[in-house]
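Each residue of the sequence shown is one higher than the one before, starting from 6 at the first, in the numbering used here.
Comments concern the structure below.
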Amino acid sequence: MKAANTSKVNNIVSGVLDSLKNNETERESKKIDDKSDDGQACVIKGDLIRIDKNIAKNVDILTDNQDKLKGLSNEDKNLIKNIIYFLCLKRQNDIFGFGRLDPYEFARDFGYNPKSFWRKHPDPVQLNGLNNDEKERLYELQQQDFKHHIYDSVFENALYWLHTNVLQFKRGGKDVVINNETVSFVESKSYVLLPEISIFMRNEGKNKYFYTYTVDNKFIENLSLYYLNCNRQSLIALRKSSTDDLYVFLSNVRASIVEELRNSKASAYNGSINFEFLCNVAQISRFTKTDIEGNESVKEIPAKKRKQLLINALRRINDETECKFEVTWKKKTATDRWAYLPVFDFKIEEKEKISHTDNQVKIEEKADIFRQNLGHDLWELFKRVSVEREESDFFKWLRDSEKQLKEKDMVYRNANFKTYGKLYKYIDAQTAAWLKKLPKIQSIDQITG
């Protein structure tokens, strides 16, 4: 390995965590688990979710002690996070249903019991700062007219939080900017994920409510060009142990390393991540607020104990997910008595280092994103030019070569550009060939021709 390439690759964690820089030392090390097995792990198989990398890099956004998080329990924060992941999944898998949220569908896809959604929240965000008289007046208005609905259930409180609060990105946030025929990345500090939400009541059936929403366009654009793949089953499995955030963060570090290795001649990566930061992401508190008898007593938890909790969390991710690594513990400085600097060696296969143009997995992934972008954009065009909303009407319109042919041509080109970040020289011929195939398209799977 060349020294220049080694230096380039070793800067990746600094890029992911620009505020957390640690000097590696060559002291004696200790394996993550002295009783570890032969390295073979049980991989939970499931569908991949493309998550906005801004969320992945700032996955602790809902664990920091921010004023806007006051009144939110751990249950609330987990629900908010998983709604975000669900919206990512909907964007991928449901072209006709994106923009409509069914709580029971969400519960099914992310392992929740929907009965817990309808409990009244003890401190709804919508009612923050109101006195009892003002709250009573709002409930009177709700009784008079459903359009004054109060988002006061556990599930609705999470939606309302995403509607009224800004997601702030402290670490290296980026937005994809598509302008004319150029794609660029600009610094991103924040966005409101759900600028609009509305509630509707069904006329029949046990599932009483559903919701419509719009999402910030930055979020949508990033899911095509600035995203992280995570395993949905891994997110669900790790949620109960509060290690899902750590899994997302480490998956993002690993993905950044893979991307860097594709663009360099380096063959491996070995780097450290701040101990306190990892504890924070893993929700391992530095202080306890109560003693064993339940009395208020703020005390610092020994670092040795927190290190063991972190080791357990890292072992769980290694054993139960596709994110593989080894960790050694080193002393931060020569004068330190104990080793509290975790150094990661991510297990990256040679086939992962193949460039995007030759990587069959990436080629298929981009083809899938193109299909989704094209489907979403054609559906939006159809809704602008037609009063119909049935899928059958959509495909009838799509197959009709006399209706909005120029607009369909432009949608195809734009979807291609949003997916790949550039227009290839054969785009004219490709678009013409697609337009000729329109009369034969019968399903979303066939929509790219």
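From the three backbone atoms N, C-alpha and C, an ideal C-beta is built for every residue, glycine too.
Only a predicted model underlies this, so the values are computations on that prediction, with no experimental measurement involved.
Exercise. Hey, E265 and V159: beta-carbon distance below 9 Å or not?
Worked result: Taking 9 Å as the Cβ cut-off, E265 and V159 do not qualify as a contacting pair.
Exercise. Using the beta-carbon count (16 or more within 10 Å), is N363 buried or exposed?
Worked result: Note on residue identity: the sequence assigns Asp, not Asn, to residue 363. Counting Cβ neighbours within 10 Å, D363 comes out exposed, since fewer than 16 surround it.
Exercise. Do you know offhand how far V348's Cα is from F330's?
Worked result: Approximately 10 Å between the Cα atoms of the pair.
Exercise. Going straight from the alpha carbon of L240 to that of L53, what length do you get?
Worked result: If you take the alpha carbons of L240 and L53, they lie about 10 Å apart.
Problem set entry | For T169, three-class secondary structure by DSSP | Of the three classes helix, strand and coil, the one that applies to T169 here is helix, per DSSP.
For this session: Could you tell me which residues DSSP puts in a beta bridge with E265?
Result: In the DSSP output, where bridge partners are listed per residue, E265 has none listed.
For this session: Leaving aside the five residues before and after Y144 along the sequence, list all residues of the same chain whose C-beta is less than 7 Å from its C-beta, in chain order.
Result: The answer, listed in chain order, is I155.
For this session: Using the DSSP secondary-structure output, state which residues sit across from I446 in a beta bridge.
Result: DSSP output for I446 lists no bridge partner at all.
Exercise. For the beta strand (DSSP E) that F282 lies in, which residues bound it at each end?
Worked result: Element bounds for F282: not the beta strand (DSSP E) but the alpha helix (DSSP H), 280-286.
Exercise. Under the three-state reduction of DSSP, which class applies to E192: helix, strand or coil?
Worked result: If DSSP states are grouped into helix, strand and coil, E192 belongs with the strands.
Problem set entry | Beta carbon of A287 nearer than 9 Å to that of L251 | It is a contact, given that the beta carbons lie within the stated cut-off.
Exercise. Under the three-state reduction of DSSP, which class applies to N184: helix, strand or coil?
Worked result: DSSP, read as helix, strand or coil, puts N184 in strand.
Exercise. According to the neighbour-count rule (16 or more other Cβ atoms, all chains shown, within 10 Å of its Cβ), is E325 buried or exposed?
Worked result: Buried: at least 16 other Cβ atoms inside 10 Å.
Exercise. Excluding the five sequence neighbours on either side, which residues of its own chain have a C-beta within less than 7 Å of the C-beta of W402, listed in chain order?
Worked result: Counting only Cβ-Cβ distances below 7 Å, and skipping sequence neighbours, we find F387, S391, K408.
For this session: Within 10 angstroms of the Cβ of L92, are there 16 or more other Cβ atoms? Answer buried if so, exposed if not.
Result: With 16 or more other Cβ atoms within 10 Å, it is buried.
Exercise. Going by beta carbon distance, what residues of the same chain come within less than 8 Å of L428, once the five residues before and after it are set aside?
Worked result: These residues qualify, in order along the chain: E186, R418, N421, F422.
Exercise. When the Cα atoms are used, what is the spatial distance from G102 to R404?
Worked result: If you take the alpha carbons of G102 and R404, they lie about 21 Å apart.
For this session: Specify, as a first and last residue, the run of the beta strand (DSSP E) that F205 falls within.
Result: Run containing F205: 201-206, per the beta strand (DSSP E) assignment.
For this session: Check whether the Cβ atoms of L233 and V253 lie closer than 9 Å to each other.
Result: Yes. Within cutoff.
Exercise. When you compare only the Cα positions, how much space is there between E369 and G116?
Worked result: About 28 Å.
Exercise. Taking just the CA atoms, how far does L94 sit from V263?
Worked result: Roughly 23 Å separates the two Cα atoms.
For this session: Could you pull out every residue in the same chain whose Cβ sits closer than 8 Å to the Cβ of A438, ignoring the five residues on either side in sequence?
Result: If the five residues before and after A438 are omitted, its C-beta is found closer than 8 Å to the C-beta atoms of G454, all from its own chain and listed in chain order.
Exercise. When you compare only the Cα positions, how much space is there between E502 and K152?
Worked result: Coverage of the chain is limited to positions 6 through 454, which leaves residue 502 absent and any answer about it impossible.
Exercise. According to DSSP, what are the bridge partners of I56?
Worked result: DSSP, once it has assigned bridges, lists L233 as partnering I56.
Problem set entry | Extent of the continuous beta strand (DSSP E) to which E331 belongs | Its beta strand (DSSP E) spans residues 330-335.
For this session: Please say whether N63 and P174 have beta carbons closer to each other than 9 Å?
Result: The question names Pro, yet the displayed sequence has Phe at residue 174. Going by C-beta atoms, F174 is nearer than 9 Å to N63.
Problem set entry | Three-state class that DSSP yields for F463 in the structure shown | Limits of the chain in this structure are 6 at one end and 454 at the other, which puts residue 463 out of reach.
For this session: Could you pull out every residue in the same chain whose Cβ sits closer than 7 Å to the Cβ of S195, ignoring the five residues on either side in sequence?
Result: Result list for S195: V171, L172, Q173, F174, in chain order.
Problem set entry | Nonlocal neighbours in the same chain, by C-beta distance under 6 Å from G76, ignoring five residues either side | Only D128 meet the Cβ criterion.
Exercise. Which residues in the same chain as E305 place their Cβ atom closer than 7 Å to its Cβ, once the five residues preceding and following it in sequence are excluded?
Worked result: If the five residues before and after E305 are omitted, its C-beta is found closer than 7 Å to the C-beta atoms of R291, F292, all from its own chain and listed in chain order.
For this session: State yes or no: is the C-beta of E236 within less than 9 Å of the C-beta of E385?
Result: Checking the displayed sequence, the identity of residue 236 turns out to be Asn instead of Glu. Taking 9 Å as the Cβ cut-off, N236 and E385 do not qualify as a contacting pair.
Exercise. Is DSSP giving K50 helix, strand or coil here?
Worked result: Confidence is the limiting factor: at K50 the pLDDT is only 37, short of 50, which leaves the residue's position unreliable and the question unanswerable from this model.
Problem set entry | Alpha carbon of T338 to alpha carbon of D107, nearest angstrom | Going by C-alpha positions, T338 is about 53 Å away from D107.
For this session: Out of I446, N275, Y90, state which residue places its alpha-carbon closest to the alpha-carbon of R376.
Result: Minimum Cα distance to R376 is reached at I446.
Exercise. Looking at L440 and D414, is the spacing between their C-beta atoms short of 9 Å?
Worked result: Yes, Cβ-Cβ distance for D414 and L440 is below 9 Å.
For this session: Verify whether the separation of the beta carbon atoms of I353 and L255 is less than 9 Å.
Result: No, they are not a contact pair.
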